Each structure stands twice: as C-alpha cells, then as structure tokens.
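Participant: So the protein lines, in turn, are chains R and A.
The first sequence runs 1 to 200 under our numbering.
The second sequence runs 1 to 637 under our numbering.
We put the CB at the ideal spot given by N, CA and C, even for glycine.
Please read all numbers here as calculations on a predicted model, not as lab measurements.
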Amino acid sequence: MKERVVADLSKLPLHGLGSASLTFWGTSAFMLIEGMGFALAIVVYFYLMSLAPHWPIEAPAPDLLPGTILTLLLLVSIVPNMLVARWAKQRDLRKVRVGLIVMTLLGASPLIPRAFEFRALHIGWDDDAYGSIIWTMLGLHATHIITDLIDTIVLACLMFSKHGDNARRYGDVEDNALYWNFVVLAWLPLYGCIYWVPRL
Amino acid sequence: MTGSGRPPSPADLAAGSEEAEAFLRRTWSTPSGFLAALSTVDHKIIGRRYVATAFVFLILGGVLALVMRIQLAFPETRFISADRYNQIFTVHGSNMMFLFAVPVMEAMAVYLVPLMVGTRNIAFPRLNAFSYWIYLAGGLLLWISLALDTAPDVGWFSYVPLAGPQYGVGKRADLWAQMITFTEVSALAVAVEIVVTVFKLRAPGMSLDRIPVFVWSMLVTAFLVILAMPAIMFASSSLILDRLVGTQFYNPAEGGDVLLWQHLFWFFGHPEVYIIFLPAVGIVSAIISTFTQRPVFGYMPLVLAMIATGILSFGLWVHHMFVAGLPRLGSSFFTASSMAIAIPAGTQIFCWLATLWDGRPVFKTPLLFVIGFLITFVIGGLTGVMVASVPLDSQVHDTYFVVAHFHYVLIGGSVFPLIGAIYYWFPKMTGRMMSERSGRWAFGLIFTGFHLTFFPMHILGLQGMPRRVYTYPPELPWAGLNLFVSLSAFILAGGFLVFFIDALRSFRHGPRAGPNPWNASTLEWAVPSPPPPYNFRHIPVVESREPLWMSDETLAVATGLRLDRRELIVSSVTAGEPEAREASPADSIWPFLAAIATGIMLIGSIFSPWAVVWGAAPVAITLTGWFWPKQTREDES
Ligand code: HEM
Ligand SMILES: [Cu+2]
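1) Here's a check: name, in chain order, each residue in its chain whose Cβ is nearer than 8 Å to the Cβ of residue 498 of chain A, leaving out the five neighbours to either side.
2) With hydrogens ignored, establish whether the beta-carbon of residue 87 of chain R is closer than 7 Å to any heavy atom of ligand 1.
3) Relative to chain C, which residues along the segment 114 to 133 of chain R have a C-beta separation below 8 Å, given in chain order?
4) Tell me the start and end of each unbroken beta strand (DSSP E) in the segment 168 to 196 of chain R that is at least 3 residues and wholly inside, in chain order.
5) Are there 16 or more other CB atoms within 10 angstroms of the CB of residue 268 of chain A, so buried, or fewer, so exposed?
6) Just to confirm the assignment, what range does the beta strand (DSSP E) spanning residue 569 of chain A have?
7) With DSSP as the reference, label residue 360 of chain A as helix, strand or coil.
8) Under 8 Å Cβ to Cβ from residue 312 of chain A, same chain only, skipping five residues before and after it: list those, please.
9) My parser needs the alpha helix (DSSP H) runs of 4 or more residues fully inside the segment 205 to 269 of chain A; what are they?
10) Which bits of chain R does residue 246 of chain A rub up against, with CB to CB less than 7 Å?
11) Name, going along the chain, the residues of the segment 39 to 54 of chain R whose beta-carbon falls closer than 8 Å to a beta-carbon of chain A.
12) Can you tell me which residues form a DSSP beta bridge with residue 432 of chain A?
13) Is there at least one non-hydrogen atom of ligand 1 closer than 7 Å to the beta-carbon of residue 90 of chain A?
14) Compare the Cα-Cα distances from residue 45 of chain R to each of R/131, R/115, R/143, R/65 and report the closest residue.
15) Nearest CA to the CA of residue 19 of chain R: which residue from R/28, R/115, R/12?
16) Residue 97 of chain R and residue 160 of chain R look like a contact to me (Cβ under 8 Å); what is the Cβ gap, rounded to whole Å?
17) What residues of chain R sit near residue 672 of chain A, judged by a beta carbon separation below 8 Å?
18) Give the secondary structure of residue 70 of chain A by DSSP, where H, G and I count as helix, E and B as strand, and everything else as coil.
19) From residue 41 of chain R to residue 306 of chain A, what does the alpha carbon distance come to, in whole angstroms?
20) Got a sec: which bits of the segment 52 to 80 of chain R sit with their beta carbon under 7 Å from any beta carbon on chain A, in order along the chain?
21) Can you tell me which of the three DSSP states residue 5 of chain R falls into?
22) Using CA atoms only, rank isn't needed, just tell me which of R/188, R/138, R/50 is closest to residue 116 of chain R.
23) Between which residues of its own chain and residue 529 of chain A is the CB-CB distance below 7 Å, once the five residues before and five after are set aside?
24) Cutting at 8 Å between CB atoms, please list the residues of its own chain near residue 52 of chain R, excluding the five before and the five after it.
25) Could you tell me how far apart the beta carbons of residue 466 of chain A and residue 383 of chain A are, in whole angstroms, since I believe they sit closer than 8 Å?
26) I believe residue 67 of chain A touches residue 80 of chain A by the beta-carbon criterion, under 8 Å. Please report the beta-carbon distance rounded to the nearest angstrom.
27) Taking a Cβ distance cut-off of 7 Å, strictly less, list which residues of the segment 560 to 581 of chain A are near chain R, in chain order.
28) Between residue 60 of chain A and ligand 1, is there a pair consisting of the residue's CB and a ligand heavy atom that are separated by less than 7 Å?
29) Compare the Cα-Cα distances from residue 146 of chain R to each of R/114, R/100, R/21, R/49 and report the closest residue.
30) What does residue 25 of chain R touch in chain A if you count any residue whose Cβ is under 8 Å from its own?
31) Are the CB atoms of residue 524 of chain A and residue 99 of chain A within a distance shorter than 8 Å?
32) Just reading off the beta strand (DSSP E) that residue 203 of chain A is part of, what are its end residues?
33) What residues match up with residue 540 of chain A in a beta bridge as DSSP calls it?
34) Within 8 Å, do at least three Cβ pairs link the segment 17 to 31 of chain A to the segment 63 to 82 of chain R?
35) Taking Cβ-Cβ distances shorter than 8 Å, what residues in chain R pair up with residue 611 of chain A?
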C-alpha cells in the first residue's frame with residue numbers, strides 16, 4: 001500500500017510516565033484482578049457467616065493486638081511510600097535509593113506481627129469453615145506482602161546497579177509504590193472482617 | 001541509500017530505502033533455531049502457535065466426542081466402561097471449554113488485535129509468551145492424566161461434594177482444579193495484554209469510535225475474563241485446599257456449604273459463555289462488513305450491545321441453579337435478567353441483517369459460516385429462553401435437552417464463526433488462500449452434520465434421557481435416535497476433517513494471497529500477508545473508521561520511530577493521541593523458564609503443600625531474570 005506521511009513522531013518523549021506508561025496500566029489491571037480475589041474472599045466470608053448459627057462458629061474472636069499493630073505499621077508505611085513515588089517522579093536517584101531501603105524494612109516489618117496473627121485467631125484452618133476462610137484471608141494477604149517485598153528488594157538492587165538512573169526504572173519505582181498502596185488498602189476491609197465483625 | 005557506513009535512519013525509511021527496511025526487519029525479527037523459538041515474543045508467532053494448539057485440542061476433544069457417541073449408539077454397549085465414560089465426558093467438556101474455546105478466541109486476539117490497532121507488538125510480549133507456555137502445560141496435564149487413566153471424572157463443573165475429599169478419590173479432582181489454575185493464569189495474562197494494547201497502543205487518530213468492532217469485542221471479553229475468572233480460581237483453589245490440607249469450605253458438617261461451589265462456579269461459568277460468544281460477535285461483524293463491502297450497520301448499537309451483554313452476563317449465574325432450591329423471589333429476578341439478555345442479542349442480529357440487506361453479499365465460505373451461525377445461534381437462543389424459565393428447567397434439567405441446547409450455543413455461537421474467521425484471516429496469517437471449493441464442502445458437512453447430531457438430542461431430552469449416562473437399557477425408546485445421532489456425529493466429524501485437510505494443504509500449497517484479498521477495510525489488511533516482523537513499516541495514522549476504504553488508495557502514516565530498537569507508540573486512552581515512544585522487550589528465554597517453574601510448583605502442590613513453599617523460589621528467580629534489564633537498546637533512553 002502506498003504511504004502518505006502526515007506526521008512525525010520523532011519529537012515524542014522516549015518513555016511515557018504516569019498514565020502514558022504501559023506498566024502503570026498493567027499494574028492497574030493486575031490490581032483489578034487481585035481486587036476481585038479479595039472481594040470474593042470477603043463475599044465468601046459473609047456468605048458462610050449468613051449460614052452459621054453463631055459467628056465465629058466455635059471459637060472466640062481473634063485477639064486484636066498483632067493485627068492492629070500490623071495495620072498501624074501498614075498505614076505508617078504509606079507516608080514514605082508516597083515520598084518514594086514523588087522522588088522517583090523527580091528522578092532523584094539518591095533519595096529513591098534511600099527510600100527503597102526504608103520501604104524494604106517497612107515491607108518486612110509487618111511480617112513479624114503477621115506471624116503472631118495466625119496464632120491469635122484461636123482456630124485452625126481445618127477446624128471449621130470459619131477457620132478456613134479467615135486463614136485464607138490472612139494467607140492471601142500475606143502472599144501479597146511477601147511478593148511486594150521481593151519486588152521491592154529486586155527493585156532496590158536494580159536502583160543500586162548501573163541500570164538504575166533510567167526513566168523506565170523510575171516508572172517501575174512509581175508502579176511499585178502504587179502496588180504497595182493497594183496492598184495496604186486491600187488489608188483494611190480484611191482487617192474489619194477478621195477482627196471486628198466477630199465482635200459485633 | 002545511505003552508502004556512507006552510518007546506520008539507516010527513520011528518514012531513509014520514509015524515503016523508501018530497502019536497506020532501512022531490512023534494518024528494521026532485523027531489529028524485530030526472531031532468529032531461527034530451537035532456543036530462539038522458545039524465546040520469541042513476536043505476537044504473530046505466539047498467536048499462530050496458540051491458535052494451532054487450540055485446534056489440536058479441538059481435534060482431541062472431538063475424538064472423545066466420537067468415542068462417547070460410539071458408546072451410546074446402541075443400548076448396553078461394552079465399548080468403554082462407566083469409569084472411562086465419566087473421565088471422557090469430563091475431559092471432553094473441560095477440554096472444550098478451558099483448552100479450546102476460550103484460548104482459541106484469545107489466541108485470535110493475540111494475533112489480530114495489535115495488527116488491527118496499528119501497532120508493532122502486543123503490550124507485555126514476554127507475559128504473552130509466558131501465557132502460552134502455561135496454557136500448554138495445563139493442557140498437557142489434563143491429557144496426560146487421561147492417558148494414565150486417572151483423569152478427572154466428575155464433570156466439567158466438578159460439583160462438590162462429588163469432587164470433594166469424601167467422594168473424589170485419588171488425585172483426579174486435584175488434577176482438574178490445577179488444570180483450571182493453569183488455564184486461568186494464561187487467560188488472565190492475555191486479558192491484561194489485550195486491555196493495555198487496546199487502551200494504550202492504538203495508532204494515532206484511532207479514537208474510541210474508530211476502534212474496529214472485533215477489537216471492541218475482544219476488549220469487552222478481556223474485561224469479562226478479568227472480572228469472572230478470579231471466581232473460578234478462588235473456587236478451585238479452595239477445593240484443592242479442602243482436599244489437600246483439610247479446610248472445610250465445602251463441608252456442611254463443619255459450617256461449609258456445597259452451594260458455595262455452585263455460586264462461585266457459575267459466577268464464572270455464565271460469563272464464560274459470553275467470553276466465548278462475544279469474540280464471535282466481532283468476527284461476524286468483520287466478515288459481514290467485508291463480504292457486503294459496507295461498514296457494518298449500527299456501529300454504536302453493536303458496541304453498546306456488547307457492553308450490555310457483558311454487564312448482564314454477571315446477573316445470570318443463578319439460572320444454572322434453579323433446581324438447587326433458591327428462594328422464590330431470587331429465581332424470578334434471575335429469570336427476568338436471563339430474558340433481558342435477549343435484547344442486546346436481538347440488537348446485534350438486527351444490525352447484521354440490516355447490513356446484509358443493504359449490501360450485496362458475496363457468499364464466500366466465511367460468510368456461509370456466518371449464516372450458519374445466525375441460524376444455529378437463534379435456535380440455541382430460543383431453547384435458552386426455554387431453560388431460563390424455572391418450570392421448564394425443572395423438567396429438562398440434566399437431560400439431553402440441555403446437552404443439545406449448550407452445543408447449539410457453543411458450536412453455533414462460537415465454533416461456526418471461528419471457522420469462518422479461519423477462512424477469512426488464513427490468508428493474513430499464512431500468506432495463502434484456502435480453497436473455496438473445500439470450504440463449501442466443509443460448511444455443508446459441518447452444518448448439516450451439526451443439526452442432524454444435535455437437534456434430535458432435544459427430543460431425547462424431552463423423552464427423559466439423562467445426560468452423563470454411559471449406557472441405557474433397550475426397553476427405553478431411545479435407541480433409534482441415539483444411533484441416528486451417533487451416525488450424524490461422523491458426518492460432522494467428516495466436515496471438520498475436510499476443513500483441517502484444506503487448512504494443512506493450503507498452508508503449503510494454497511495460492512498466494514496478497515495483502516488484501518477480500519478488499520477489507522481494517523488495518524491488518526494494510527500490511528503484507530503474512531506480515532513482516534515489525535507489522536507496519538510506518539505506524540499508520542487513522543482518519544476514519546474504515547481506513548482502507550479511503551478513496552485515494554493510500555495509507556496515512558507517521559514517521560520518526562527509530563529503526564535500531566523495538567519502538568512502539570503509546571497513545572491516549574480516548575482520543576488515540578500519541579503520547580510517547582516506548583521500547584518493546586527483546587526476545588527472552590525467561591518466560592519459558594518461568595512457566596516451567598510455575599508448572600512444577602502447581603503440579604507439585606497437588607501432592608504436597610510444601611511444593612508451594614519450595615517451588616516459590618525458582619518462580620521468583622525466573623521472574624527476576626525475566627524483569628532484569630540487559631544492556632540492550634530497549635533499556636537506554
Ligand atoms: C464436535 C462435535 C461434538 C460432539 C459430537 C459432542 C458431543 C457431546 C456429548 C454426547 C456430550 C454429553 C456427554 C454426556 O453427558 O454423557 C457432550 C458434553 C459436553 N460438550 Fe460436547 N460435543 C462436541 C463438541 C463440543 C464443543 C465444540 C464444545 C465446546 C466448545 C463442547 C462442550 C461440551 C460440554 C461443556 C459438555 C458437558 C460435559 C460435562 O457434562 O461435564 N462439545 N458433548
Ligand atoms: Cu448461563
């Protein structure tokens with residue numbers, strides 16, 4: 001087919017940021033998928049609750065302490081997380097590096113109270129359906145913390161390598177921050193279900 | 001010609017330099033060799049592979065169908081045992097739904113969507129490669145289990161408690177559940193790629209109201225996948241947990257619930273029908289438009305009808321559960337919404353008929369299959385309205401009436417359009433035409449064979465023949481029709497055989513196609529057949545909904561993309577305004593390795609929960625390898 005040149009694209013930037021970046025959209029789509037997963041867990045939780053004569057079926061409500069500590073840690077982590085995203089936008093390599101180390105620590109620290117959360121449930125996953133769904137909720141969310149933590153570590157290594165100072169990598173840092181916010185926000189309804197609904 | 005030793009520049013390409021084009025080709029091409037074939041990220045190679053694999057699964061599933069029909073041809077046959085029969089209908093159904101129908105549509109999208117929106121590769125090409133390998137692994141898992149006589153045997157919807165720890169002995173139901181995980185991971189990955197490709201990689205000027213109907217259909221389908229598939233993953237993962245580590249999701253004795261399975265399954269399973277059917281809407285629109293040489297009538301109503309279908313499909317799952325005893329009011333609500341879906345379906349059919357009426361249709365093979373689709377799908381829709389009413393459903397539930405109905409919908413609604421699509425796009429994918437004469441034979445045999453096979457099943461169902469029985473006593477009045485059905489199934493199979501032979505032969509020996517053999521209007525026909533590795537020499541600039549039917553026979557294009565790295569254009573979501581240039585990843589072996597690592601982890605988890613723990617490390621390593629940048633041109637900026 002004959003071609004008729006009507007535009008010249010050579011002046012466009014070499015990498016899109018924000019909503020012009022493909023990974024931003026990919027991350028968003030995956031958050032939608034995983035958001036569906038969390039939503040389903042919550043729906044199943046209420047569905048099972050609607051069938052049960054008592055809720056929790058045969059256990060005391062979980063202890064509040066570890067879960068609440070974890071929630072606070074997650075909420076606190078949002079602040080440095082947003083800062084890292086901002087520094088990435090400003091392409092400030094030094095601050096981004098520091099920020100990623102901080103975020104690695106803040107990503108790892110919730111795992112400590114999480115380890116106690118499972119015990120604070122006072123029920124095994126195989127005792128009854130109530131135990132199964134709350135273990136699943138915790139497990140599902142723990143997986144998200146762990147994968148994002150690994151992600152952050154790999155990214156931190158990248159930013160300390162020669163590949164770091166690069167528009168794409170800064171975009172990755174922003175997307176990683178976006179994803180962490182998702183991990184934190186997804187926790188809040190789960191926290192309500194696991195710890196507060198049984199106390200209603 | 002550059003002649004001076006410097007590498008060719010975009011300006012050389014615009015000036016028509018062949019050297020520049022060769023340079024661009026080298027940048028985008030997949031080297032030859034086995035390892036390179038495992039590493040390729042070219043959406044065309046992966047798409048073709050995907051389509052071919054899905055058709056192999058169609059053939060295998062068809063062979064199982066014939067085995068079932070041989071067994072059922074006469075009463076009290078001993079051709080296969082009851083246990084074998086259970087495995088076979090389960091594998092037939094699961095294979096057709098999870099390994100053929102959904103993947104084949106996604107595969108068509110993987111091949112066609114980037115070409116139709118005017119870009120050089122799909123978004124996330126490595127994820128695309130990964131999705132193919134993981135799909136293949138899931139398919140092999142199911143078929144190897146059948147070969148080893150340990151295939152799942154509790155039906156394609158794997159209802160608990162039959163599939164649960166008490167009744168489902170051995171590893172059969174676990175294999176089914178893990179096969180689901182494999183195919184859903186791949187389907188979700190493709191859905192994400194399609195969404196982002198359509199949102200962000202459209203050619204400059206392709207605003208939302210200029211997107212081809214086929215691309216719209218795949219976009220809506222991708223959203224259905226994203227919203228529906230997590231439900232089945234949740235369901236099947238809980239099933240595995242119940243079976244493997246003793247959770248109690250589906251155990252009523254410990255507060256679980258068997259209906260929970262049905263809700264989760266049909267929350268996916270009903271949209272699933274539309275995941276299979278909506279791409280067909282896109283296919284049919286494309287074919288009708290081309291073979292009437294008219295833009296399809298009612299672009300906006302068609303697009304809106306697809307979106308409405310997508311939304312409504314989520315309100316309908318409960319109609320599969322009428323006999324499970326739900327509250328009264330709930331049932332009437334779901335009956336109403338089941339009927340409501342007839343409105344968008346009617347709109348679509350009206351638009352197609354109007355286009356056919358208004359144009360001068362040329363009845364080539366692709367259009368024949370579309371006509372076959374229209375007839376068959378309408379019948380399937382009518383019996384669908386019948387089973388959507390609670391009293392009738394209670395009557396024919398789990399009889400051959402239902403088997404007849406869903407084959408009308410599935411084969412009429414998607415296999416007919418799909419075969420039409422293969423005839424239609426075969427020249428683009430292979431560079432060669434299929435035979436018109438064989439095409440007519442294939443259509444005649446498939447169409448008559450289909451109706452002769454499946455229409456009598458309605459009657460068998462009304463006569464009370466239950467589905468999923470491996471044989472029946474001679475006293476019952478079913479023998480005559482069953483023999484007739486079985487013989488007809490071989491006519492149907494003969495039609496498929498003609499089609500496959502034609503496809504294989506034409507692949508090597510068909511006449512050369514040229515870029516646009518049907519004089520179609522969408523962008524995939526602007527490039528040579530088969531397309532070069534870079535798809536478009538220059539990125540097209542879209543100025544209308546039918547870019548190839550502009551009067552002056554030229555394609556508006558944009559220059560300026562680099563030749564020395566894989567560069568794409570990222571554009572805005574609504575208007576299709578170019579925003580940035582973006583490097584597209586190089587070939588890589590890591591997606592293949594990641595698929596192997598994931599496969600080992602998933603299969604291992606059938607046997608021990610620790611497989612997830614130990615298996616996670618190789619997955620993490622391969623994923624890191626996949627994402628770790630190499631010092632290549634994609635990286636610098
Ligand atoms: C090619 C010709 C085909 C024939 C002759 C055929 C035949 C059959 C028969 C006889 C059954 C009922 C088994 C039983 O209930 O005892 C069946 C079940 C089924 N078929 Fe087909 N089929 C064909 C193609 C397809 C296709 C293309 C699809 C999907 C796209 C499909 C999807 C299914 C499903 C989902 C079931 C239900 C399996 C179950 O009950 O678990 N079939 N088929
Ligand atoms: Cu349905």
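Facilitator: Reading off the structure:
1) Here the set comprises 438, 441, 442, 445.
2) Not so, every heavy atom of ligand 1 lies at least 7 Å from the Cβ.
3) Checking the listed chains, one finds no chain C in this structure; the protein chains it contains are R and A.
4) none
5) Classified as buried, residue 268 of chain A has 16 or more neighbouring CB atoms from the shown chains inside 10 Å of its CB.
6) Its beta strand (DSSP E) spans residues 567 to 571.
7) coil
8) 337, 340, 341, 344
9) Counting only runs that start and end inside the segment 205 to 269 of chain A, the alpha helix (DSSP H) elements of at least 4 residues fall at 213 to 244.
10) Within chain R, the residues near residue 246 of chain A are 126.
11) 40, 41, 44, 47, 48, 51, 52
12) A/512, per the DSSP bridge assignment.
13) yes
14) R/131
15) R/28
16) Between residue 160 of chain R and residue 97 of chain R the Cβ distance is about 6 Å, and since that is below 8 Å, they are a contact.
17) This structure cannot speak to residue 672 of chain A, because chain A is shown only from 1 to 637.
18) helix
19) 29 Å
20) 52, 57
21) strand
22) R/138
23) 427, 428, 431, 513, 514, 515
24) 129, 130
25) 17 Å between Cβ atoms; not a contact.
26) Distance from residue 67 of chain A to residue 80 of chain A at the Cβ level is roughly 7 Å; contact confirmed, criterion being Cβ atoms closer than 8 Å.
27) 560, 561, 569, 570, 578, 579, 580, 581
28) Every heavy atom of ligand 1 is 7 Å or more from the Cβ of residue 60 of chain A, so no.
29) R/114
30) Neighbours of residue 25 of chain R across chain A, judged by C-beta separation under 8 Å: 123, 195, 196, 199, 200.
31) no
32) Element bounds for residue 203 of chain A: n/a, residue is neither H nor E.
33) In DSSP, residue 540 of chain A forms a bridge with A/557.
34) Output reads no: the segment 17 to 31 of chain A does not touch the segment 63 to 82 of chain R.
35) Near residue 611 of chain A there are no residues of chain R at all, since even the closest Cβ is about 15 Å away, more than 8 Å.
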